[in-house]
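Q: Chains as they are written, first to last, in our numbering: chain A, 185 to 623; chain B, 9 to 299.
A single structure is presented below for examination.
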């Protein structure tokens, strides 16, 4: 009796397993419509939003969808955060054959480990060129080459600007944004005050706790450079300089004066956004494109009053580096649909589609897009962004560069919060980075 | 023949479970061990280096700091949690006011996603706008700012971990207390034992097994401590609140240094097993002696 029951149970289990397997296989088949090739893209969600116009209120339309319809292609778009996108890409590149056909990569990940596994694009370019590729400035093509070969096409940049709250500036008798490093230091102190309604205002806010970028951005305004990379790829550490010491000294002074947030070492981009939109901060670092968020009446208490301009210069005569990040489109060497992937890259890179993506909220890499009347009507601040783009530079990536930035963040934090003297921190930074490079 | 078949059937039924365990736990564990004896990164093949990764770990001061932080938080949290869990369970057994209301209140943190829980505490402890941080600053007349003080950060991390997991400890200890037969207490009372004696001579000794199980679970869980640290401080300020899981994460997914990450993973497994077995052994001995 017991054996019979067990046997019956086992039979039921096997039947259920078979039914599930057959249904799964059938479902899989239905997912790939007959005759359609599947093209898989891997990117941050922002790229899908701007290429497909998925954000409500945008007017650029579905560029990828139209291309897919014309070419009878089934699009699969995988999106994730910056680190997970590259982690997934690395894993895909390690396989014999990848399911990823186009990957959007950010410059800080573009090191020899990654680029050696991407398809060189020059032969594709020779066969079917991209419309007026020469228009894209040289400084935006920096993170797209490996051993002289083009391995990616730029699609989007994230250029940092200085957002400033006109209402708070007026309350402190200031009528224009700061223009030099000395001025941003003075303005930050002057804009740290208590408003009539009791709100405590911090002069300058940035996501200093989320990595190296914002601290380095501040120091770059003083002319500080952490390293230089020559044409042969040789990296020289230039941390121990008067510019770096002056920048860190001033930042530490601002921290002591509470002119930068007291949660300096942990502050995130969400904290920053909350502070600037509620009037708890007078100035903020951040990409130009964030203008829309900061002036959105649904989330901001100061719609229309938070202006954006390019970062300050070192002094009246010396422009500072405008640091940006670049997202580019690349084809993995082990992709199965390289020709089709190239065709979509060409489509996304055309002049008209660059404008359409800009209308969907993209930060375009073609200068001509910034003077397009459709774009300017929607985003008048694009004129300032175009101006800043002329001096824009990408931080070079090299082997161990991510570890180098971690060391930079640690030592600069030590100097700012007072765990070390600025001089000691800078000396230690120089020594540790040199040791890392010689590893 | 029939008897033999009947003997085989239980093993057949157990085979899928063992197969799944072997595939999802056994083989990856062995692979990680192998990985820890090699250097590798994205897109490169493994290169055997023997114990070099372990040597690098043992000479890295950041690894030792992460290890020390992990041990401090884990030991502190687990012991305080046991004491609080015991007290709560005792109150509930003795009878607490509005028990039906208090029960879900106690369990609530366990129902909240750990990420949400950490973010709530992060806001409450924000040195600029956090109501709890401001209140503490007022009471203590000092600057309560976990963002720049590693010791304050570690205390906050431990507190959030404790807050999130206390319901788990409480529920295990409470159910353990409920399972002690009422007749034993009756017999003790007839023999003239007072409440203090009943608690220390009957309840606690009979709760030993439940306490051991609770401790081993919590030690192993606490050793994996990650989200509290990552969401609150990301290991900062100046890398002084890194724990082993954060150290592992940085090496694996930021620097792509899989050999070091795998070695760290193995040391975490060994560490948690060692600490759990040591404490269990000592505790069991102590409880047996008392009995």
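No residue lacks a Cβ here, since even glycine has one placed at the ideal position from N, Cα and C.
Please check if any C-beta of chain A sits within less than 9 Å of the C-beta of residue 153(B).
A: For the purposes of this step, residue 153(B) is taken as the residue at position 145 of the second chain. Yes, its Cβ sits closer than 9 Å to a Cβ of chain A.
Q: If you count every other CB in all the chains shown that lies within 10 Å of the CB of residue 659(A), and 16 or more means buried, which is it?
A: Within the shown structure, residues of chain A are numbered from 185 to 623, placing residue 659(A) beyond reach of any answer.
Q: Taking only beta carbons into account, state which residues of the region 54 to 72 of chain B come closer than 9 Å to chain A, listed in chain order.
A: Listed by position, the residues of the region 54 to 72 of chain B near chain A (Cβ gap below 9 Å) amount to none.
Q: In whole angstroms, give me the CA-to-CA distance for residue 201(B) and residue 102(B).
A: Locating residue 201(B) in the second chain gives position 193, counting from the first residue. Locating residue 102(B) in the second chain gives position 94, counting from the first residue. If you take the alpha carbons of residue 201(B) and residue 102(B), they lie about 16 Å apart.
Q: Pick out whichever of 256(B), 38(B), 255(B), 232(B) has its Cα sitting closest to the Cα of residue 85(B).
A: One-based indexing of the second chain puts residue 85(B) at position 77. The option with the nearest alpha carbon to residue 85(B) is 232(B).
Q: What would DSSP say about residue 541(A), mapped onto helix, strand or coil?
A: Taking the first residue of the first chain as 1, we reach residue 541(A) at position 357. Looking at residue 541(A) - three-state DSSP - the assignment turns out to be helix.
Q: Which chain B residues sit within Cβ distance under 7 Å of residue 264(A)?
A: Counting from 1 along the first chain, the entry for residue 264(A) is found at position 80. Residues of chain B passing the Cβ test: none, with the nearest at roughly 12 Å.
Q: I'd like the span of the alpha helix (DSSP H) that includes residue 589(A), first residue to last.
A: Translated into positions along the first chain, residue 589(A) becomes position 405. Residues 585 to 601.
Q: Roughly how many angstroms lie between the CA atoms of residue 213(A) and residue 526(A), to the nearest whole one?
A: For the purposes of this step, residue 213(A) is taken as the residue at position 29 of the first chain. For the purposes of this step, residue 526(A) is taken as the residue at position 342 of the first chain. Per-residue confidence for residue 213(A) stands at a pLDDT of 48, beneath the threshold of 50, marking its modelled position as unreliable; the derived number appears in the next sentence. In a straight line, the C-alpha of residue 213(A) is about 26 Å away from that of residue 526(A).
Q: According to DSSP, simplified to helix, strand and coil, what is residue 59(B)?
A: The residue given as residue 59(B) occupies position 51 in the second chain. In the structure shown, residue 59(B) sits in coil (DSSP, three-state: anything other than H, G, I, E or B).
Q: Give the interface partners of residue 553(A) over in chain B, defined as CB-CB distance under 7 Å, in chain order.
A: Your numbering for residue 553(A) matches position 369 in the first chain. Chain B residues near residue 553(A): none, gap ~34 Å exceeds 7 Å.
Q: Rank 421(A), 434(A), 312(A), 278(A) by C-alpha distance to the C-alpha of residue 597(A) and give the top, closest one.
A: Position 413 of the first chain holds residue 597(A). Looking at the Cα atoms, 434(A) is the closest of the given residues.
Q: Are the CB atoms of residue 252(B) and residue 67(B) nearer to each other than 9 Å?
A: Here residue 252(B) refers to the residue found at position 244 when the second chain is read from its first residue. Here residue 67(B) refers to the residue found at position 59 when the second chain is read from its first residue. Not in contact: residue 252(B) and residue 67(B) (Cβ atoms no closer than 9 Å).
Q: Tell me, please, which residues DSSP counts as bridged to residue 91(B).
A: On the second chain, residue 91(B) is found 83 positions in, with the first residue counted as 1. Answer is none; residue 91(B) lacks a bridge partner.
Q: Alpha carbon to alpha carbon, how far is residue 582(A) from residue 289(B)? Give it in angstroms, no decimals.
A: Reading the second chain from its first residue, position 281 is the one you call residue 289(B). Reading the first chain from its first residue, position 398 is the one you call residue 582(A). Going from the Cα of residue 289(B) to the Cα of residue 582(A) covers about 50 Å.
Q: Determine the extent of the beta strand (DSSP E) in which residue 205(B) is found, giving its start and end residues.
A: Position 197 of the second chain, counted from the first residue, corresponds to residue 205(B). Where residue 205(B) is concerned, there is no enclosing beta strand (DSSP E), although the alpha helix (DSSP H) it sits in stretches over 203 to 206.
Q: Please report the distance separating the alpha-carbon of residue 243(B) from that of residue 396(A).
A: Residue numbering aside, residue 243(B) sits at position 235 when the second chain is read from its first letter. Residue numbering aside, residue 396(A) sits at position 212 when the first chain is read from its first letter. Spanning the two alpha carbons is a distance of roughly 14 Å.
Q: For residue 181(B) and chain A, any beta-carbon pair shorter than 9 Å?
A: Taking the first residue of the second chain as 1, we reach residue 181(B) at position 173. Not closer than 9 Å to any Cβ of chain A, the Cβ of residue 181(B) fails to qualify, so no.
Q: According to the neighbour-count rule (16 or more other Cβ atoms, all chains shown, within 10 Å of its Cβ), is residue 235(A) buried or exposed?
A: Here the question's residue 235(A) lines up with position 51 in the first chain. The residue is buried, with at least 16 neighbouring Cβ atoms inside 10 Å.
Q: Taking only beta-carbon atoms, is residue 291(A) less than 9 Å away from chain B?
A: Locating residue 291(A) in the first chain gives position 107, where the first residue counts as 1. Residue 291(A) does not count as touching chain B.
Q: Cutting at 7 Å between CB atoms, please list the residues of its own chain near residue 139(B), excluding the five before and the five after it.
A: Translated into the one-based positions of the second chain, residue 139(B) becomes position 131. Taken in chain order, the residues that qualify are 132.
Q: May I ask you to report which of helix, strand or coil DSSP gives residue 614(A)?
A: Indexing the first chain from 1 puts residue 614(A) at position 430. Note: residue 614(A) maps to helix in three-state DSSP.
Q: What are the boundary residues of the beta strand (DSSP E) that includes residue 124(B)?
A: Taking the second chain and counting its residues from 1, one reaches residue 124(B) at position 116. Where residue 124(B) is concerned, there is no enclosing beta strand (DSSP E), although the alpha helix (DSSP H) it sits in stretches over 122 to 132.
Q: Using a Cβ-Cβ cut-off of 9 Å, state whether residue 297(A) counts as contacting chain B.
A: Within the first chain, residue 297(A) is the residue found at index 113, counting from 1. Interface residue, yes.
Q: Considering only the alpha carbon of each residue, which of 522(A), 384(A), 542(A), 365(A) lies closest to residue 494(A)?
A: Counting from 1 along the first chain, the entry for residue 494(A) is found at position 310. Per the Cα distances, 365(A).
Q: For residue 255(A) and residue 451(A), I'd like the C-alpha separation in whole angstroms.
A: Within the first chain, residue 255(A) is the residue found at index 71, counting from 1. Within the first chain, residue 451(A) is the residue found at index 267, counting from 1. If I take the Cα positions, the gap works out to 46 Å.
Q: Distance check for residue 279(B) and residue 224(B), CA to CA, integer angstroms please.
A: Residue 224(B) sits at position 216 when you count from the first residue of the second chain. Residue 279(B) sits at position 271 when you count from the first residue of the second chain. Each residue's Cα considered, the two are about 13 Å apart.
Q: How would you write the range of the alpha helix (DSSP H) that residue 338(A) sits in, first residue to last?
A: The residue given as residue 338(A) occupies position 154 in the first chain. Per DSSP, residue 338(A) belongs to no alpha helix (DSSP H); it is in the beta strand (DSSP E), 337 to 349.
Q: Could you tell me the distance, in whole angstroms, from the CA atom of residue 570(A) to the CA atom of residue 405(A)?
A: The residue you call residue 570(A) lines up with position 386 of the first chain. The residue you call residue 405(A) lines up with position 221 of the first chain. Roughly 19 Å separates the two Cα atoms.
Q: Using the beta-carbon count (16 or more within 10 Å), is residue 165(B) buried or exposed?
A: Your numbering for residue 165(B) matches position 157 in the second chain. By the neighbour-count rule (16 or more Cβ atoms within 10 Å), residue 165(B) is buried.
Q: With DSSP collapsed to three states, give me the class of residue 286(A).
A: For the purposes of this step, residue 286(A) is taken as residue 102 along the first chain, with counting starting at 1. Reduced to three states, the DSSP call for residue 286(A) is strand.
Q: Rounded to the nearest angstrom, what separates residue 99(B) and residue 178(B) at their Cα positions?
A: The count along the second chain starts at 1 and reaches residue 99(B) at position 91. The count along the second chain starts at 1 and reaches residue 178(B) at position 170. Using only the alpha carbons, I get a separation of about 11 Å.
Q: Identify the residues that DSSP records as bridge partners of residue 508(A): which are they?
A: The sequence position of residue 508(A) within the first chain is 324, counting from 1. DSSP output for residue 508(A) lists 343(A), 578(A) as bridge partner(s).
Q: From residue 127(B) to residue 235(B), what does the alpha carbon distance come to, in whole angstroms?
A: Start at 1 with the first residue of the second chain, and residue 127(B) comes out as number 119. Start at 1 with the first residue of the second chain, and residue 235(B) comes out as number 227. Straight-line Cα distance between these residues: approximately 10 Å.
Q: Looking only at its own chain, which residues have a Cβ that is under 7 Å from the Cβ of residue 558(A), when we skip the five neighbours before and after it?
A: Along the first chain, read from residue 1 onward, the residue named residue 558(A) stands at position 374. These residues qualify, in order along the chain: 539, 543.
Q: Residues in the region 262 to 289 of chain B with C-beta within 8 Å of chain A's C-beta atoms, listed in sequence order?
A: Within the region 262 to 289 of chain B, the residues whose Cβ lies closer than 8 Å to some Cβ of chain A are 262, 263, 264, listed in chain order.
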